[in-house]
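Which chain is which? The protein sequence lines are A and B, in order. Mapping of the first sequence onto the numbering used here: position 147 corresponds to residue 147, and the numbering continues sequentially without gaps. Mapping of the second sequence onto the numbering used here: position 38 corresponds to residue 38, and the numbering continues sequentially without gaps. Below is one structure, written out as structure tokens, with a few remarks after it.
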Amino acid sequence: MIERVTFEKVTYAPIPARFEAGTPPVAEVIGLGVALDWLMGLDRAALALHEQDLLTHATARLQGIPGVTIHGNAPGKVSVLAFTVDGIHPHDIGTVLDRHGVAVRAGHHCAQPLMRHLGVPATARAAFAAYSTREEAELLAGGIEAAQRMFS
Amino acid sequence: MSELQELYQSLILDHNRSPRNFGVLEGADRHAEGYNPLCGDQVKVEVKLDGDRVTDIKFSGNGCAISKASASLMTAAVKGKTVAEARTLFDGFHAMVTGHGDQVDTKALGKLAIFAGVAEFPVRVKCATLAWHTLRDAIK
Numbered sequence: 001m002i003e004r005v006t007f008e009k010v011t012y013a014p015i016p017a018r019f020e021a022g023t024p025p026v027a028e029v030i031g032l033g034v035a036l037d038w039l040m041g042l043d044r045a046a047l048a049l050h051e052q053d054l055l056t057h058a059t060a061r062l063q064g065i066p067g068v069t070i071h072g073n074a075p076g077k078v079s080v081l082a083f084t085v086d087g088i089h090p091h092d093i094g095t096v097l098d099r100h101g102v103a104v105r106a107g108h109h110c111a112q113p114l115m116r117h118l119g120v121p122a123t124a125r126a127a128f129a130a131y132s133t134r135e136e137a138e139l140l141a142g143g144i145e146a147a148q149r150m151f152s
Numbered sequence: 001m002s003e004l005q006e007l008y009q010s011l012i013l014d015h016n017r018s019p020r021n022f023g024v025l026e027g028a029d030r031h032a033e034g035y036n037p038l039c040g041d042q043v044k045v046e047v048k049l050d051g052d053r054v055t056d057i058k059f060s061g062n063g064c065a066i067s068k069a070s071a072s073l074m075t076a077a078v079k080g081k082t083v084a085e086a087r088t089l090f091d092g093f094h095a096m097v098t099g100h101g102d103q104v105d106t107k108a109l110g111k112l113a114i115f116a117g118v119a120e121f122p123v124r125v126k127c128a129t130l131a132w133h134t135l136r137d138a139i140k
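Next up, the structure:
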């Protein structure tokens, strides 16, 4: 923030106010508060089970699709599913899935050495949360199969 | 045709599967490497020049279908053209994929016009232009 601005000269506010740019993220803070209230009102143990159920279901479904490789199968991992599809770059997978209503992250996930270790240029990664459903896991699998038909 | 089919037309899928002018160009006069740090795509473009004319060109590297097909069609489009003609092609191509296709004569782009659908996918514009930016660096 500033104290005083003219065409000739700018005087900044004292630290720390000078590092605060404009309006604070008011809407974001209120939104986060509402999200936290919602989350704390849920049964946390049931929530963990729900996410694990989706992970188990989606993992089994994707393992059944020829050409799909799941990366990272550590026991007890959180509900994320990183995968590659033979012959289709993860960014193309991401675009096709997007048009099927599924948002995944595609890229090197700020983990380029790991991608090198896995021998892949990038991966696509789906993540399941409290609000995800089995139907959406099915959309994910169906979208991958549609991409395979498109690129075959 | 859906936007997705518009993006992944058969010509693009064909150039992704069997890229033209792919590999190392022995005795290249100029080369440049392009890299997209966000997605990890990388491409190397090598060029042979006779005066101001591109007599041969090859590319190598890896990337998504859009970037690979774009590099492939680019090499086919600029081979035999002068450096100035290649730049003009890039200007038109860039305008088209960034949604300013109404300002360019897409007929002059020939087969490159197949990438018009990219304009509907803003996050993929960088994929389609990576090879072109790299070529521009190589012949600047």
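Backbone N, C-alpha and C define an ideal beta-carbon position, used for all residues, glycine too. Here the structure is a predicted model, which means the values were calculated and not measured.
Apart from the five residues just before and just after residue i, which ones in its own chain have a Cβ nearer than 6 Å to its Cβ?
i        : result
Phe150/B : An answer regarding residue 150/B cannot be provided, because it is not within the stretch 1 to 140 covered by chain B.
Ala137/A : Leu54, His57 and Ala58
Thr104/B : Before going further, note that residue 104/B is Val rather than Thr in the sequence given. Taken in chain order, the residues that qualify are Gly92, Ala95 and Met96.
Gln42/B  : Tyr35 and Gly61
Gln9/B   : Ile114
Thr84/A  : Thr69, Val120 and Thr123
Asp86/A  : Gly67
May I ask you to list the residues that DSSP assigns as paired with residue i?
i        : result
Ser60/B  : Lys44/B
Arg134/A : Partner(s): none; Arg134/A has no beta bridge.
Asn36/B  : Asp41/B
Leu49/B  : Val54/B
Ile70/A  : Phe83/A
Ala124/A : Phe83/A and Ala106/A
Ile88/A  : Val85/A
Going by DSSP in three states, residue i sits in which element: helix, strand or coil?
i        : result
Asn21/B  : coil
Phe83/A  : strand
Thr134/B : helix
Gly27/B  : coil
Glu8/A   : coil
Val123/B : helix
Gly143/A : helix
Gly101/A : coil
Glu3/A   : strand
Thr129/B : helix
Thr82/B  : strand
Ile65/A  : coil
Lys140/B : coil
Gly22/A  : coil
Leu54/A  : helix
Pro16/A  : coil
Val97/B  : helix
In chain B, what lies closer than 8 Å to residue i by C-beta?
i        : result
Asp92/A  : Tyr8, Cys64, Ala65 and Ile66
Arg125/A : Those within 8 Å of Arg125/A in chain B number zero; the least Cβ separation is about 13 Å.
Arg99/A  : Ser2, Glu3 and Leu4
Ordered along the chain, which non-local residues of its own chain (more than five positions away) have a Cβ less than 7 Å from that of residue i?
i        : result
Arg20/B  : Ser72, Thr75 and Ala76
Ala157/B : An answer regarding residue 157/B cannot be provided, because it is not within the stretch 1 to 140 covered by chain B.
Arg134/A : Leu54 and His57
Met150/A : Val96
For residue i, return the contacting residues in chain B, with the cut-off set at a CB-CB distance below 9 Å.
i        : result
Met150/A : Leu4, Gln5, Tyr8 and Leu13
What does the alpha-carbon distance come out to for the pair residue i and residue j?
i        : j        : result
Val5/A   : Thr11/A  : 6 Å
Ile93/A  : Ala106/A : 8 Å
Leu170/B : Pro24/A  : Here chain B has residues from 1 to 140 only, and residue 170/B is not among them.
His94/B  : Leu32/A  : 39 Å
Lys68/B  : Leu39/A  : 44 Å
His108/A : Thr106/B : 35 Å
Asp50/B  : Ala86/B  : 14 Å
Pro90/A  : Pro121/A : 8 Å
Gln63/A  : Ile70/A  : 7 Å
His100/A : Ile66/B  : 19 Å
Gly22/A  : Glu8/A   : 21 Å
Phe128/A : Leu47/A  : 11 Å
Val104/A : Arg125/A : 5 Å
Glu28/A  : Ala130/A : 20 Å
Ile88/A  : Gly143/A : 13 Å
I'd like the list of long-range same chain contacts for residue i, defined as Cβ closer than 8 Å, with 5 residues on each side in sequence excluded.
i        : result
Val47/B  : Leu25, Ala28, Asp29, Arg30, His31, Val54, Asp56, Ile57, Leu135, Ala138 and Ile139
Gly101/B : Ala95, Ala116 and Ala119
For residue i, return the contacting residues in chain A, with the cut-off set at a CB-CB distance below 9 Å.
i        : result
Gly117/B : Here the premise fails: no neighbours, minimum Cβ distance about 11 Å.
Which bits of chain A does residue i rub up against, with CB to CB less than 7 Å?
i        : result
Phe121/B : Thr95
Going along chain A, which residues have a C-beta under 8 Å from residue i?
i        : result
Gly40/B  : Gly107, His108, Gln112, Met115, Pro121 and Ala122
Arg124/B : His91 and Thr95
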